[in-house]
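Contents: one structure, followed by commentary.
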Ligand code: NAP
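Residue numbers (the numbering used here): 341 to 510.
Rendered as C-alpha cells:
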C-alpha cells in the first residue's frame, strides 16, 4: 500500500522524520507532497520547493529510507479541485495521513481513508516555532536533522528569514 502525506515542511524537522518512520511501519512506500510549492521568501514559507526537496531527500537517504516519492504541489484557488490536482501529480495512493482539518475533509469527501499522524514533541518540533527561533537568534539546529541545518547554512537561510522580517526603514 502507498500512502500520501502533504505538508509545507518549512523546514523539514525532527518531528517530520519521526512521522515518516511511523507511516512506513504501516505502508510499503510514502508519497511526500511538498505543499504550497510556489511559495518561498516569506516569513511563513521561507524556503523554495527545491530547497525543501533537498532537505527531505538528503535526510531520508542518510536515514537509509528509500521508499519515498517527493512531489512538489502548488496550491490551487479552489479547494474542491485540490484533491484532483494532487492526484494528477502523484503516483496512485490508497491512504492519506494528515493533521490539517481542511486536508482531512477534502480527501474524506473524495472517499479516501484518512488518518491522523502523531505530533511528537510538539513544543520544540514545530515549523512555526523553529522559524521563530531562527528569527530571534535562539538555538534551533537541534530541532532539525543535521542535513537540514547544513542546507539552511549553505543557502544563508537564517539571514534570509531575518531580512524578510525587516521593513524598508530598517
Ligand atoms: P500539515 O502538514 O497537515 O500540518 C498541520 C500541522 O501539523 C502543522 O502545524 C504541522 O506543523 C503539524 N505537523 C505535521 N506533522 C508533524 C509532526 N510529525 N510533528 C509535529 N508536527 C507536525 O498541514 P500543512 O503544513 O498546512 O500542509 C498542507 C498543505 O496542503 C499546505 O501546503 C496547503 O497549502 C495545502 N493545501 C492546499 C489547498 C489548495 O490549494 N486549495 C487545499 C488544502 C491544502 P509543522 O509546521 O511543524 O509541519
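No residue lacks a Cβ here, since even glycine has one placed at the ideal position from N, Cα and C.
The shortest C-alpha to C-alpha distance from residue 350 to any of 388, 342, 500 is the one to 388. In this structure, the ligand NAP has no non-hydrogen atom nearer than 7 angstroms to the beta-carbon of residue 400.
Note: residue 409 is bridge-paired with 371 in the DSSP secondary-structure output. Uninterrupted alpha helix (DSSP H) stretches at least 4 residues long and entirely within the region 401-459 occur at 419-429, 441-449, given in chain order. Counting along the chain, the unbroken alpha helix (DSSP H) around residue 364 starts and ends at 354-366.
Residue burial annotation: residue 391 is buried, with at least 16 other C-beta atoms found within 10 angstroms of its C-beta.
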